[in-house]
Structures are given as structure tokens and as C-alpha cells.
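Be aware that the sequence shown starts at 6, since it is given in this note's numbering, and climbs by one per residue.
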Amino acid sequence: MTLLQPSGIQAKLTSSSCSLAGQRAMQMQAHTQAALQAQLEALAQALAPVPQEHGHGGPSIMEWFKRMAPPSFKWVSDPLLAESWMRETEKIFRAIRCAEEEWIGVSTSN
């Protein structure tokens with residue numbers, strides 16, 4: 006009994022189609038993530054009224070930040086997870102219109 010093995014051309018075609026499918030899946034995932042992030046930003050802006058200064062009787066930036074349920078940072082060795090946390094936290098700061106110079110103080114108080 007003889008086992009049939011794919012020719013070199015068939016092996017290349019199979020390998021090529023697998024890599025194309027993988028690339029398409031990665032592109033779809035990136036597109037989906039971008040769409041979800043855009044929706045999250047729009048929702049955050051819609052739900053967050055413009056914060057007022059604390060001295061005028063309105064909530065403080067810290068209170069607004071906590072209301073947005075920011076992700077908590079846990080020490081991770083994966084830089085992608087750390088970058089994801091940073092992007093999500095920055096979205097909240099922008100949604101509540103927090104000045105960049107206040108970001109560190111607000112995020113470390115959480």
C-alpha cells in the first residue's frame with residue numbers, strides 16, 4: 006500500500022490558504038475591537054455629563070472617575086495588557102474631561 010503525499014505545489018497552496026485565513030481572522034478581530042472601542046467611547050461621552058468644578062457644588066473629578074468604573078491595574082508581565090489598561094483609563098479621562106496633568110493623581114487614588 007502506497008501513501009499519497011501532497012506534491013510541493015499542493016503543500017504550498019494549503020500553507021498559503023491557512024496563512025490567508027489566519028490573516029483574515031486577525032483583521033476581523035482588529036476591526037471588531039476598533040468598533041467596540043468606538044462604541045465604548047461614544048457611550049462614555051453620552052453617559053457622562055460635563056463635570057463641574059468641585060468648588061461650585063458639583064462632583065469632583067475623582068468622583069466622576071470612580072462613577073465610570075475604571076479598570077483596576079494589576080501587575081502584569083504582558084505589555085499588551087498594560088497598554089490595554091492604559092488606553093481604557095485614558096478614554097475615561099477624556100470622557101470626563103480631566104486635564105492630563107491630573108491623570109496620575111486621579112488614577113493612583115482609585
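Ideal Cβ positions, reconstructed from N, Cα and C, are used throughout, including at glycine.
Keep in mind it's a predicted model, so treat the numbers as computed, not measured.
- The Cβ atoms of P76 and E93 lie closer than 7 Å to each other.
- Annotation: the continuous alpha helix (DSSP H) that includes I66 extends over 66-72.
- For I101, no alpha helix (DSSP H) segment is defined, and its DSSP state is neither H nor E.
- Membership of G110 in the alpha helix (DSSP H) is indicated by the continuous run 108-114.
- The shortest C-alpha to C-alpha distance from I101 to any of F70, V81, T113, G110 is the one to F70.
- Assignment of W90 by DSSP, reduced to helix, strand and coil, places it in the helix class.
- Residue burial annotation: V81 is exposed, with fewer than 16 other C-beta atoms found within 10 angstroms of its C-beta.
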